[in-house]
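*Asks:*
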Amino acid sequence: MRILALVLVSALVGCAGENHVAPAGARAAVVTVDGTARLRVTFEMSRDDGAGLKVVREYQVLRAHDVGGPFEPFAHSKVEIVSKQVRARGKTRSVATRLRSVDDTSALPGRTYVYQVWALAEREVGSASQAGAFSGSVVTRPVALPGAAGPSPEGPRGVANAAAAAPEGDDGRHVDVSFEISPDDGGGSRPVDGYVVLRATKKSGPYIPFVEDGAPAGALEEPVDPSASEDRVRYLVGLLGSNARIDPADLPAKRALVRSGQLRDPGDEEGRPEPLAASLAGVILDEVAGSRPPDPAASRRRTVTDTVARDGPFHYRIYTVPARGDAVRVQVRRPARPAASWVSIDKLNMAILLGAAFLLTLVLVQRASRSGHQMFIRRIAGIDALEEAVGRATEMGRPILYVPGIDEIQNIQTIASLLILGRVSELVARYDSQIRVPCCIPIVATVAEEVVRQGFYNAGRPDQHRPQNIQWISSEQFAFCAGTNGIMLRDRPATNVFLGRFFAESLILAETGYVNKAIQIGGTAEITQLPFFIAACDYAIIGEELFAISAYMTREPKLLGSLKAADWIKAGVLLIVTAAALGGLLAWTAAPLSGPTALVVEWALRLVGFLAPGT
Numbered sequence: 264m265r266i267l268a269l270v271l272v273s274a275l276v277g278c279a280g281e282n283h284v285a286p287a288g289a290r291a292a293v294v295t296v297d298g299t300a301r302l303r304v305t306f307e308m309s310r311d312d313g314a315g316l317k318v319v320r321e322y323q324v325l326r327a328h329d330v331g332g333p334f335e336p337f338a339h340s341k342v343e344i345v346s347k348q349v350r351a352r353g354k355t356r357s358v359a360t361r362l363r364s365v366d367d368t369s370a371l372p373g374r375t376y377v378y379q380v381w382a383l384a385e386r387e388v389g390s391a392s393q394a395g396a397f398s399g400s401v402v403t404r405p406v407a408l409p410g411a412a413g414p415s416p417e418g419p420r421g422v423a424n425a426a427a428a429a430p431e432g433d434d435g436r437h438v439d440v441s442f443e444i445s446p447d448d449g450g451g452s453r454p455v456d457g458y459v460v461l462r463a464t465k466k467s468g469p470y471i472p473f474v475e476d477g478a479p480a481g482a483l484e485e486p487v488d489p490s491a492s493e494d495r496v497r498y499l500v501g502l503l504g505s506n507a508r509i510d511p512a513d514l515p516a517k518r519a520l521v522r523s524g525q526l527r528d529p530g531d532e533e534g535r536p537e538p539l540a541a542s543l544a545g546v547i548l549d550e551v552a553g554s555r556p557p558d559p560a561a562s563r564r565r566t567v568t569d570t571v572a573r574d575g576p577f578h579y580r581i582y583t584v585p586a587r588g589d590a591v592r593v594q595v596r597r598p599a600r601p602a603a604s605w606v607s608i609d610k611l612n613m614a615i616l617l618g619a620a621f622l623l624t625l626v627l628v629q630r631a632s633r634s635g636h637q638m639f640i641r642r643i644a645g646i647d648a649l650e651e652a653v654g655r656a657t658e659m660g661r662p663i664l665y666v667p668g669i670d671e672i673q674n675i676q677t678i679a680s681l682l683i684l685g686r687v688s689e690l691v692a693r694y695d696s697q698i699r700v701p702c703c704i705p706i707v708a709t710v711a712e713e714v715v716r717q718g719f720y721n722a723g724r725p726d727q728h729r730p731q732n733i734q735w736i737s738s739e740q741f742a743f744c745a746g747t748n749g750i751m752l753r754d755r756p757a758t759n760v761f762l763g764r765f766f767a768e769s770l771i772l773a774e775t776g777y778v779n780k781a782i783q784i785g786g787t788a789e790i791t792q793l794p795f796f797i798a799a800c801d802y803a804i805i806g807e808e809l810f811a812i813s814a815y816m817t818r819e820p821k822l823l824g825s826l827k828a829a830d831w832i833k834a835g836v837l838l839i840v841t842a843a844a845l846g847g848l849l850a851w852t853a854a855p856l857s858g859p860t861a862l863v864v865e866w867a868l869r870l871v872g873f874l875a876p877g878t
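Heads up, the sequence shown is in our numbering, so the first residue is 264 and it goes up one at a time.
#1: Hey, quick one: how far does the beta strand (DSSP E) through Leu-762 stretch, first residue to last?
#2: Could you check which residue in Asp-569, Ile-805 and Leu-822 has the C-alpha nearest to that of Thr-624?
#3: Rounding to the nearest angstrom, what Cα-Cα distance links Asp-297 and Gln-348 in this structure?
#4: Measure the alpha-carbon distance for Ala-742 versus Ala-773 and round it to whole angstroms.
#5: Any idea what DSSP makes of Thr-817, helix, strand or coil?
#6: DSSP on Phe-765, reduced to helix/strand/coil?
#7: Leaving out five residues before and five after Val-840 in sequence, what residues of the same chain have Cβ atoms less than 7 Å from its Cβ?
#8: Give a yes or no on whether the C-beta atoms belonging to Ile-733 and Thr-747 are separated by under 8 Å.
#9: Where does Pro-336 land, buried or exposed, given buried means 16+ other C-beta within 10 angstroms?
#10: Applying the 10 Å Cβ sphere with the 16-neighbour rule, what's the burial state of Glu-739?
#11: According to DSSP, which residues form a beta bridge with Asp-367?
#12: Taking 8 Å as the threshold (C-beta atoms), are Ala-644 and Tyr-802 in contact?
#13: With a threshold of 16 other CB atoms inside 10 Å of the CB of Met-816, please say whether the residue is buried or exposed.
#14: Compute the distance between the beta-carbons of Thr-775 and Met-751, then report whether it is under 8 Å.
#15: Flag this pair as yes or no: are the beta carbons of Ala-292 and Arg-303 separated by less than 8 Å?
#16: Would the beta-carbon of Val-342 fall within 8 Å of that of Tyr-322?
#17: Which residues does DSSP pair with Ser-698 in a beta bridge?
#18: Going by the CB atoms, is the gap between Val-571 and Ile-581 shorter than 8 Å?
#19: Have a look at Arg-716, Val-584 and Lys-465 and flag the residue whose alpha-carbon is nearest the alpha-carbon of Asp-574.
#20: For Gly-604 and His-437, I'd like the C-alpha separation in whole angstroms.
#21: Who are the near neighbours of Ser-813 in its chain, counting only those whose CB is closer than 8 Å to its CB and skipping five residues on each side?
#22: Can you list, in chain order, the residues of its chain whose CB lies under 6 Å from that of Val-714, leaving out five sequence neighbours each side?
#23: In this structure, what does DSSP give as the bridge partners for Lys-347?
#24: Going by C-alpha distance, which of Ala-289, Asn-612 and Leu-408 is nearest Thr-299?
#25: Between Arg-301 and Pro-416, how many whole angstroms is the CB-CB distance? I'm expecting something under 8 Å.
#26: What does a CB cutoff of less than 6 Å around Ser-369 pick up in its chain, not counting 5 residues either side in sequence?
#27: Hey, how far is the Cα of Gln-880 from the Cα of Leu-627?
#28: When the Cα atoms are used, what is the spatial distance from Gly-332 to Phe-473?
#29: Examine the Cβ distances between the stretch 784 to 798 and the stretch 686 to 704 and report whether three or more of them are shorter than 8 Å.
#30: Taking just the CA atoms, how far does Gly-824 sit from Tyr-777?
#31: So what does Gly-785 bridge to, in DSSP terms?
#32: Can you say whether Glu-768 is buried or exposed, counting buried as having 16 or more other CB atoms within 10 angstroms of its CB?
#33: Assuming Asp-439 and Thr-566 form a contact by the criterion Cβ under 8 Å, report the distance between their Cβ atoms to the nearest whole angstrom.
#34: Apply the 10 Å Cβ neighbour rule to Glu-650 and answer buried if 16 or more other Cβ atoms are within range, or exposed otherwise.
#35: Is it buried or exposed for Asp-312, if we count other Cβ within 10 angstroms and need 16 for buried?
#36: Considering only residues of the same chain and omitting the five flanking positions on each side of Glu-443, which have a CB-CB separation below 7 Å?
Here you go:
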C-alpha cells in the first residue's frame, strides 16, 4: 500500500508539473457574417493564460489543406473574445468566456482546410528541440467552405534577398531575419496583407511561430533604414505602398494637413491599412518634416529579431500573405546560428556612461585628497545633534541605544549604518559613556561588535568597551522588536539612534522611545517607513542622507569624492531628461523648427536615444 501511495503521489506531482500552455478544444465551422459565408476557428485559451506560471503573449493560427500539413499563415482578423449571455436579477448581460475565435477571411469556396492553434509564451527560450517561445498545437477536423471551387487567384510574388544571421554585437541569443518585401506590395491587382516568419530546427520542419523582440512574430511594421528614427515625424510603414499603416506618432501631422486643406481626411486612425497612405507619406516627408526620403531600396527592407536558445542551427521561412488564397513561401537558403560577440553594441552606451562616471569619481577623489576639508556638504541636522545627544546621555548617566536595522549584512543600508556606528562609538568613548547595540541578524551582531571595539580603540579607551552590550536578540522581526523594546523600558537610554533598513517595527520602536522621552534620531531609505520616523523622532535622516553621513562625519577623501561624483551624475541626468522632454514636446507638437532651436532639439533627442535606446 505504501508503494502504491508513493507511485500515486509521484504521478500527481508529475501531472501538476506538465506543460499546459497549449490551447485546447480547437474546432472550425462555417458561419455567416453580413451575409457572407466564412470559416471560423474557435478554441479554448491555454490553462496557463492568466492563471499559470507561463505568460501567454498571443495566439496564432496556421492553415493547411491536409492534416499532414504543411501549415502556413493566412489572412485573418484579430483574435476575438467569445462571450455568453447570462441572466441575473431579471437582467441579461454579456460575460466573457475562455473561448477565443478567429475568422478566416481568405479561405476560397470549395476548398478543404485544417487549422493549427499555437499559444506563444512570453520570451520562453527552450532547448534545441523547442527552439523558442511557443507551446504545442491543436489540429482540428477538416472543414470546407461551401460553394463551387473556382480557379485559384493569382497570388503576389514572394520576398527577395532573404537572409538570416546573428546580429553584430549580440549576446548570443538572437537571430536577425531580413528580406525585401514583395514587388507587389504597394499596388497592383495582387494586394499583400502582410508577412509572417516561421522557424524550425530542421529544414524539413515543422515550422512554428515565435515571439519577436518587441512585437508579435511577423509584425514587420518598421523600416530598417537607421536614419528613419532621427526624423521628427516617423516614416510611414511601406512609405509609397498602398498597404501602408498609419503610425500613431504621425496622427498630429496628419490632422494638421487635413485642417489646412492639403489632404482630405483618410478616415481610419487605428493603424490599419490606409489607401491614401502613399500620398500622405509624400506630403509629410516633403512639407512637414522637411527631411529627405530614404533610399527606396532601404525603405523596402524589413527585419525580424528572433530570440532563440544558444544552440542551433535554425531554419526560417518567410510567407507573403495575400488578401485571398494561400500564402507564398520563400525559404531562407542558409540556416543561422546565434553568436555571442566580445563587445555588445547595445551596451556601448552603458560602457561610456560607466567610464565617464568612473573618471569623474577619480578626479573628485583626487581633488578631495588635496582639499577635502574645503568641499561643501549640506548640513544634516540629525548628525549635528548627535554630539549633543551623546553628551546629554552622559550627563544623565544613561546609555545610548543604536539599532542598525533588521536586514542582512550585504544590504547597502546595513553597511552604511555600520560605518556610522563606528563614528558614534568613538564619540561615546570620548564622553566615557556606554552604547547598547541590539541586532536582528547574528553576523551583523558579530561585525557590529568589532566596529564598536575599533571605535573605542580609536578614542584611546579600549578598556571601556563591553562586548556584552552588543547582542543578538532574534532573527524574527517582532521578537527582535519586543526584545529591543524591553531594553528601552529597562535601561531607559537617553538617546536612541535608528539607522538602517526597517519595516513594520519602525513605528513600534520609535513610539517606545518617544514614551521614554529619549532624544531620537531615525533614518532609512525605505520610503514607506520614513513617515513613522518623521512623526516619532526628533531628527529624521531621509533617503540618501543615510549614505552621505559617513562622508559627512569622517571627511574621508574617497567617500567625499564618491559623494560629489554621485551628485554631479544625478544633476547631469536631470539636465538631459529635462532637455529631452522639452525637445520632444517642441518637436512633436509645435510648428517645424529651424535655426539654433532645431539644432538643440535634434541633439537632445539624439543624446536621449543614445543613453536610452528605444525611447
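Ideal Cβ placement from N, Cα and C applies to all residues, glycine included.
*Replies:* Let me spell this out:
#1: Numbered from its first residue, the sequence shown carries residue 762 at position 499. Counting along the chain, the beta strand (DSSP E) containing Leu-762 begins and ends at 758 to 762.
#2: Position 361 of the sequence shown, counted from the first residue, corresponds to residue 624. Answer by Cα proximity: Leu-822.
#3: Working through the sequence shown from its first residue, we reach residue 297 at position 34. Working through the sequence shown from its first residue, we reach residue 348 at position 85. Asp-297 and Gln-348 have their C-alpha atoms roughly 21 Å apart.
#4: Sequence index remark: in the sequence shown, residue 742 carries index 479 (1-based). Sequence index remark: in the sequence shown, residue 773 carries index 510 (1-based). Taking C-alpha positions only, Ala-742 is separated from Ala-773 by approximately 16 Å.
#5: Within the sequence shown, numbered from 1, the residue matching residue 817 stands at position 554. DSSP places Thr-817 in helix when its eight states are reduced to three.
#6: For this step, residue 765 is matched to residue 502 along the sequence shown. Correct three-state label for Phe-765: coil.
#7: Stepping through the sequence shown from its first residue, residue 840 is reached at position 577. Closer than 7 Å at the Cβ level, and outside the excluded window around Val-840, lies no residue.
#8: Start at 1 with the first residue of the sequence shown, and residue 733 comes out as number 470. Start at 1 with the first residue of the sequence shown, and residue 747 comes out as number 484. Result no, Cβ atoms of Ile-733 and Thr-747 do not sit closer than 8 Å.
#9: As a position in the sequence shown, residue 336 is number 73, starting the count at 1. Its Cβ being crowded by 16 or more others within 10 Å, Pro-336 is buried.
#10: As a first step, residue 739 is located in the sequence shown; it is residue number 476 there, counting from the start. That one is exposed.
#11: Taking the first residue of the sequence shown as position 1, residue 367 is located at position 104. Looking at the DSSP assignment, Asp-367 forms a beta bridge with Leu-302 and His-339.
#12: Sequence index remark: in the sequence shown, residue 802 carries index 539 (1-based). Sequence index remark: in the sequence shown, residue 644 carries index 381 (1-based). Taking the C-beta atoms as reference points, Ala-644 is found nearer than 8 Å to Tyr-802.
#13: In the sequence shown, residue 816 corresponds to position 553, counting from 1. Buried, by the Cβ-count rule.
#14: Your numbering for residue 775 matches position 512 in the sequence shown. Your numbering for residue 751 matches position 488 in the sequence shown. Their beta carbons are under 8 Å apart, which means Thr-775 touches Met-751 by this criterion.
#15: Translated into positions along the sequence shown, residue 292 becomes position 29. Translated into positions along the sequence shown, residue 303 becomes position 40. Taking the C-beta atoms as reference points, Arg-303 is found nearer than 8 Å to Ala-292.
#16: Within the sequence shown, residue 342 is the residue found at index 79, counting from 1. Within the sequence shown, residue 322 is the residue found at index 59, counting from 1. In contact: Val-342 and Tyr-322 (Cβ atoms closer than 8 Å).
#17: Here residue 698 corresponds to residue number 435 of the sequence shown, with the count starting at 1. Contrary to the premise, residue 698 reads as Ile rather than Ser in this sequence. According to DSSP, which records beta bridges pairwise, Ile-698 is partnered with Ile-663.
#18: Residue 581 sits at position 318 when you count from the first residue of the sequence shown. Residue 571 sits at position 308 when you count from the first residue of the sequence shown. It is not a contact, given that the beta carbons lie outside the stated cut-off.
#19: Here residue 574 is taken as the residue at index 311 of the sequence shown, counted from 1. With distances taken between Cα atoms, Asp-574 lies closest to Lys-465.
#20: The residue you call residue 604 lines up with position 341 of the sequence shown. The residue you call residue 437 lines up with position 174 of the sequence shown. As written in the sequence, residue 604 is Ser, which differs from the Gly given in the question. Between the alpha carbons of Ser-604 and His-437 lies a distance of about 12 Å.
#21: Mapped onto the sequence shown, residue 813 falls at position 550. Annotation for Ser-813: Ala-679, Leu-682, Ile-683, Arg-686, Glu-819 and Leu-822 place their beta carbon closer than 8 Å to its own, counting only its chain and skipping 5 residues before and after.
#22: Here residue 714 refers to the residue found at position 451 when the sequence shown is read from its first residue. Correct list, in chain order: Leu-681, Leu-684 and Gly-685.
#23: As a first step, residue 347 is located in the sequence shown; it is residue number 84 there, counting from the start. In the DSSP output, where bridge partners are listed per residue, Lys-347 has Val-358.
#24: What you label residue 299 is simply residue 36 of the sequence shown in a count that begins at 1. Nearest to Thr-299 by C-alpha distance, out of Ala-289, Asn-612 and Leu-408, is Leu-408.
#25: Within the sequence shown, numbered from 1, the residue matching residue 301 stands at position 38. Within the sequence shown, numbered from 1, the residue matching residue 416 stands at position 153. The beta carbons of Arg-301 and Pro-416 sit about 16 Å from each other, so the pair does not count as a contact at 8 Å.
#26: Looking up residue 369 in the sequence shown gives position 106. Same-chain partners within the cutoff: Phe-337, Ala-338 and Arg-587.
#27: The structure shown does not extend to residue 880, since the chain is modelled only from 264 through 878, so no value can be given for it.
#28: Along the sequence shown, read from residue 1 onward, the residue named residue 332 stands at position 69. Along the sequence shown, read from residue 1 onward, the residue named residue 473 stands at position 210. So the alpha carbons of these two residues sit roughly 18 Å apart.
#29: The stretch 784 to 798 makes no contact with the stretch 686 to 704; the number of CB pairs closer than 8 Å stays below 3.
#30: By 1-based counting over the sequence shown, the position of residue 777 is 514. By 1-based counting over the sequence shown, the position of residue 824 is 561. Between Tyr-777 and Gly-824, the C-alpha separation is close to 37 Å.
#31: To locate residue 785, count along the sequence shown from 1; it is residue 522. Residue pairing by DSSP places Gly-785 opposite Phe-761 and Ala-803 in a beta bridge.
#32: In the sequence shown, residue 768 corresponds to position 505, counting from 1. Flag for Glu-768 reads buried.
#33: Here residue 439 is taken as the residue at index 176 of the sequence shown, counted from 1. Here residue 566 is taken as the residue at index 303 of the sequence shown, counted from 1. The C-beta distance from Asp-439 to Thr-566 rounds to 6 Å, short enough to fall under 8 Å.
#34: As a working note, residue 650 is residue 387 in the sequence shown. Exposed, because fewer than 16 other Cβ atoms sit within 10 Å of the Cβ of Glu-650.
#35: Residue 312 sits at position 49 when you count from the first residue of the sequence shown. Buried: at least 16 other Cβ atoms inside 10 Å.
#36: Along the sequence shown, one-based indexing puts residue 443 at 180. If you ignore the 5 residues before and after Glu-443, its C-beta comes within less than 7 Å of the C-beta of Val-422, Ala-423, Asn-424, Arg-563 and Arg-564, all in its own chain and listed in chain order.
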